[in-house]
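Each residue of the sequence shown is one higher than the one before, starting from 0 at the first, in numbering that gives the first Met the number 0. For every residue, glycine included, the Cβ atom is placed at its ideal position computed from N, Cα and C. In this text the structure is predicted, and so the values were computed from the model without any measurement. The structure under discussion appears below in the form of structure tokens.
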Amino acid sequence: MSEPKIGRALASSLHQAINELMPTRVEFYENWLTPGRIRQGTLGRARLGAVISFLRQEGETYEAVVRRAGRYTANWTAETIPSVERGLLRRLPRRLRIRAVLRTAGRLVGHLHEGSQLDSMVRRGTAVVEIDGSVFCDVRERAAAPLCGFYA
């Protein structure tokens, strides 16, 4: 059984955020986030898990890095949605648009890294979203602060 792979958008955005917010630490993190593996799409969950684990030790910088990486990933992946699909989403009635956007978001989350899944439920115009198998949210012990800032 092979290790689940990490999508290039997620790995690239995390590398970019580290580069911008922690320029003196880039060389350290490139031991795991190697540009060659990012380009080839062969970065595994273990390497990304190591990066995230070390980032959590950096204190407040962790939250800033993962939020920025999440913003970059959202922008880059939204740009990959075909313009026809985006146009159709805009024209749908609100109720159907909410469900269609959640379905599209679920597809995008699945492409970020194998094993992650977005579950959603809509009741009375309010969406409840749960992300399973996220490398950002899964930890062994209870955390004092929320760790899923990547998806915020």
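Beta-carbon gap between residue i and residue j smaller than 8 Å
i	j	result
L88	A99	yes
L13	A68	yes
L20	T72	no
I37	V25	no
I5	R55	no
G148	E78	no
F135	I80	no
L91	A126	no
G40	R7	yes
Bridge partner(s) assigned by DSSP for residue i
i	result
G43	K4
Residue nearest to residue i in terms of C-alpha spacing, selected from the options
i	options	result
D131	R123, T41, R122, E113	E113
G124	Y150, D137, R96	R96
P22	Q56, V83, V64, A126	V64
S115	V121, S133, A104	S133
A104	T76, R7, T60, E62	T76
V128	F27, S119, V50	S119
R46	E84, N30, L101, V121	N30
F27	R94, F53, N74	F53
A49	T60, R122, L32, G58	L32
Residue i: CB within 7 Å of a non-hydrogen atom of the ligand GTP
i	result
L117	The model on display carries no ligand, and the ligand GTP is accordingly not part of it.
Checklist line | Segments of 4+ residues assigned as alpha helix (DSSP H) that fall wholly inside the stretch 11-95 | finding: If we require 4 residues or more, the alpha helix (DSSP H) runs fully inside the stretch 11-95 come out as 25-28, 34-39, 44-55, 59-77, 82-90.
Check: Do three or more CB pairs link the stretch 6-24 to the stretch 57-76 at distances below 8 Å?
Finding: Yes, they touch.
Check: Could you give the uninterrupted runs of the beta strand (DSSP E) lying entirely in the stretch 102-135, keeping only those of 3 residues or more?
Finding: Runs of the beta strand (DSSP E) inside the stretch 102-135: 116-122, 125-131.
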